[in-house]
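Everything on this sheet refers to the single structure shown next.
Numbering (our numbering), first residue to last: 7 to 441.
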């Protein structure tokens, strides 16, 4: 390959800035090399070159200047400060004094050749462009590594992520995961993800996760977790399978987003402020949803509508503050009696409560309803003006909603309300089952 063919191959993506003081070698040298560069411009030495560089490409400045003092050290420093992608080459007369460029030449900051020797020009330009290409490749790689390390550091501090083996044991966790869970990275290693499960865990979510990851699918959804100190937090999780080169499942990657604040705001909107049970608005939503679920999954939905006996007289006797305290105690008793993940408890009126739960047999539903009634009576909340007991009591209506119900929610609510009315007519402190 000739010197100039090699030059063309090396410099095809390089921009040339040719600075000339109109010496006799100008046209010969410029004409010989100009077609081998990406772009080429001919300028006199007074040309303001500092604003003309493309920092995305390598830029070669060839200075064909008889008076070398015109290319002073200050200009070279200015050029070098613009970009590391600038190469300065001097086209010099024979036997030029380069003593004031020695340091720059030693550091490969500047190159030179005898302007009367075109082959020398080609060799110097080719080798110097090779050098700057290699230097820039190293520089670009260092920049990419530095950028990647910054991304990793940011990822570690902000992304709640972990890698698990096929048994669900944690093999890697980010600092963000450690921070939100309250466990150190060392404590997390080889622990199973089950340590984060909340006591009241969504059974459907757990079943859904197991089914997805065991069949190699990605699972996405909301999870309630618990910290090392027992406090709860919510995450939106994406759990993905990981395979080896033989397509054998070797583990899982979990990336989570903290949605605790979002869930807290949601909870406020669906929770009764006094009792912390779900409110009437959420009951209307859940009642429809549970009817559909019971039909889809073919289970029996049970509905208890419960009312505190003679509660108006209680408020008149003890005052509204005592009445609120009684409501709180009754609500807490309802929650502790119906505490399974798929039990739902609501305050739907002043002293009226609703419970949705699933058991198949009528006798089991009645047993749970009577257990609640007796648990509330066992609170021994004094009610001296009750007509049936010295302590606060409740009455309740109970219905069972069988598979594929034909009735609308309004009709079903009316039915259980009639059952409650019958329980009161039967003397209160009792449960009436309505077929």
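Every residue, glycine too, gets a C-beta built ideally from N, C-alpha and C. Given the structure is predicted, the values throughout are model-derived calculations rather than measurements.
Cβ separation of residue i and residue j, assumed to be a contact under 8 Å, to the nearest whole Å
| i | j | result |
| --- | --- | --- |
| residue 3 | residue 386 | No information on residue 3 is available, as it lies outside the stretch 7 to 441 that the chain covers here. |
| residue 401 | residue 330 | Wrong, their Cβ atoms sit about 21 Å apart, outside the cutoff. |
| residue 230 | residue 240 | 6 Å |
| residue 352 | residue 359 | 7 Å |
| residue 281 | residue 337 | 4 Å |
| residue 242 | residue 265 | 5 Å |
| residue 2 | residue 362 | This structure cannot settle anything about residue 2, because the visible part of the chain is limited to 7 through 441. |
| residue 194 | residue 179 | 5 Å |
| residue 272 | residue 317 | In fact, because the Cβ distance is near 30 Å, the residues do not count as touching under 8 Å. |
C-alpha gap between residue i and residue j, whole angstroms
| i | j | result |
| --- | --- | --- |
| residue 304 | residue 407 | 11 Å |
| residue 202 | residue 165 | 17 Å |
| residue 295 | residue 276 | 15 Å |
| residue 246 | residue 433 | 58 Å |
| residue 430 | residue 226 | 47 Å |
| residue 234 | residue 200 | 12 Å |
| residue 163 | residue 217 | 31 Å |
| residue 175 | residue 383 | 47 Å |
| residue 244 | residue 186 | 17 Å |
| residue 367 | residue 236 | 36 Å |
| residue 170 | residue 260 | 8 Å |
| residue 269 | residue 177 | 29 Å |
| residue 440 | residue 365 | 16 Å |
| residue 417 | residue 298 | 15 Å |
| residue 346 | residue 213 | 16 Å |
| residue 196 | residue 380 | 46 Å |
| residue 157 | residue 238 | 29 Å |
| residue 342 | residue 335 | 11 Å |
| residue 228 | residue 188 | 20 Å |
| residue 292 | residue 427 | 23 Å |
| residue 263 | residue 191 | 18 Å |
| residue 349 | residue 340 | 10 Å |
| residue 421 | residue 325 | 33 Å |
| residue 184 | residue 172 | 21 Å |
| residue 8 | residue 21 | Below a pLDDT of 50, predicted positions are generally treated as unreliable, and residue 8, at 45, falls in that range; no measurement from the model is reported. |
| residue 215 | residue 415 | 32 Å |
| residue 198 | residue 159 | 25 Å |
| residue 278 | residue 354 | 9 Å |
| residue 320 | residue 394 | 13 Å |
| residue 66 | residue 129 | 14 Å |
| residue 211 | residue 267 | 20 Å |
Residue i classed as buried or exposed, judged by whether at least 16 other C-beta atoms fall within 10 angstroms
| i | result |
| --- | --- |
| residue 302 | exposed |
| residue 373 | exposed |
| residue 370 | exposed |
| residue 404 | buried |
| residue 419 | buried |
| residue 52 | Caution is warranted here: a pLDDT of 48 is assigned to residue 52, below 50, making its placement in the model unreliable, and the coordinate value is therefore given only provisionally. Exposed, since its Cβ has fewer than 16 Cβ neighbours within 10 Å. |
| residue 161 | exposed |
| residue 153 | exposed |
| residue 332 | buried |
| residue 436 | buried |
| residue 284 | buried |
| residue 288 | buried |
| residue 425 | buried |
| residue 322 | exposed |
| residue 258 | buried |
| residue 378 | buried |
| residue 391 | exposed |
| residue 221 | exposed |
| residue 389 | buried |
| residue 438 | buried |
| residue 300 | buried |
| residue 224 | exposed |
| residue 168 | buried |
| residue 249 | exposed |
| residue 68 | buried |
8 Å Cβ cutoff, residue i in contact with chain D
| i | result |
| --- | --- |
| residue 404 | The chain inventory of the structure shown lacks chain D, comprising one protein chain alone. |
Residue i CB to nearest heavy atom of the ligand FAD below 7 Å
| i | result |
| --- | --- |
| residue 314 | For the ligand FAD, the structure offers nothing, since it holds no ligand at all. |
Could you pull out every unbroken beta strand (DSSP E) segment of at least 3 residues lying fully inside the segment 371-410, listed in chain order? 400-407
Runs of alpha helix (DSSP H) wholly within the segment 314-365 (minimum 4 residues, chain order): 317-324, 326-343
May I ask you to verify whether the segment 242-259 touches the segment 310-325, counting CB pairs closer than 8 Å and requiring at least 3? no
With a floor of 3 residues, list each beta strand (DSSP E) that falls wholly inside the segment 273-320, ordered by position along the chain. 307-314
Minimum length 4: unbroken alpha helix (DSSP H) runs contained in the segment 156-201: 181-187, 191-194
What beta strand (DSSP E) runs, 3 residues minimum, are completely inside the segment 221-264? 225-232, 238-249, 255-264
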